[in-house]
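Q:
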Amino acid sequence: MRVHELAITQNILDIAINEAKAAQASHITKIRLIIGELSGVVGECVQFYFDFLKRGSIAENATIDFEAVPAELHCRNCQASFKLEDSNWACPYCQSTTVEITGGQSCFIESIEVE
20 MRVHELAITQ NILDIAINEA KAAQASHITK IRLIIGELSG VVGECVQFYF DFLKRGSIAE
80 NATIDFEAVP AELHCRNCQA SFKLEDSNWA CPYCQSTTVE ITGGQSCFIE SIEVE
């Protein structure tokens, strides 16, 4: 298991619990997480740590759902935008490798469901 995700998962759980308490909720039922392809976060590791960390908390019966967001690139040569495929960073339109990352780097909580 990757230790990187332990700290991330603890932060996710802390945020969810604080938001639930602010809403005067007694239980968290679901957390929806957006994970960008280039974020460096592995969903399976987050799930593993989440299942461990939620024990004994108001999130004990909660599920965590993931939405993977692909990497998006922008070609500085021809101005095309495209999704990264098969780790090929070249623009599919002009073959330039002068590209910038425009999406798929984030990892964030999209929603928290509570009761």
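Count the sequence shown with the working numbering and you get residues 20 to 134, in order. Cβ atoms here follow ideal geometry from the backbone N, Cα and C, with glycine treated the same way.
Over the uninterrupted alpha helix (DSSP H) stretch that includes D70, give me the two end residues.
A: Segment 62–72, the alpha helix (DSSP H) holding D70.
Q: Does the Cβ of V22 have 16 or more other Cβ atoms within 10 Å, making it buried, or fewer, making it exposed?
A: V22 is exposed by the Cβ-count criterion.
Q: Per DSSP, which residues does N107 bridge with? Please list them.
A: The partner list for N107 (beta bridge, DSSP) reads E104.
Q: On the criterion of 16 or more Cβ atoms from any shown chain inside 10 Å, does A42 qualify as buried, or is it exposed?
A: Flag for A42 reads exposed.
Q: Helix or strand or just coil, what does DSSP make of T28?
A: Of the three classes helix, strand and coil, the one that applies to T28 here is helix, per DSSP.
Q: Beta strand (DSSP E) containing L57: first to last residue?
A: Here L57 belongs to no beta strand (DSSP E), and DSSP marks it neither H nor E.
Q: From I27 to D33, what distance separates their C-alpha atoms?
A: Whole-angstrom Cα-Cα distance: 10 Å.
Q: Give me the Cα-Cα distance between I93 and I77, rounded to the nearest whole angstrom.
A: Residue identity differs from the one stated: residue 93 is His in this sequence, not Ile. Approximately 42 Å, taken between the alpha carbons.
Q: Leaving out five residues before and five after T121 in sequence, what residues of the same chain have Cβ atoms less than 8 Å from its Cβ?
A: So the list reads E91, L92, H93, S100, once near-sequence residues are dropped.
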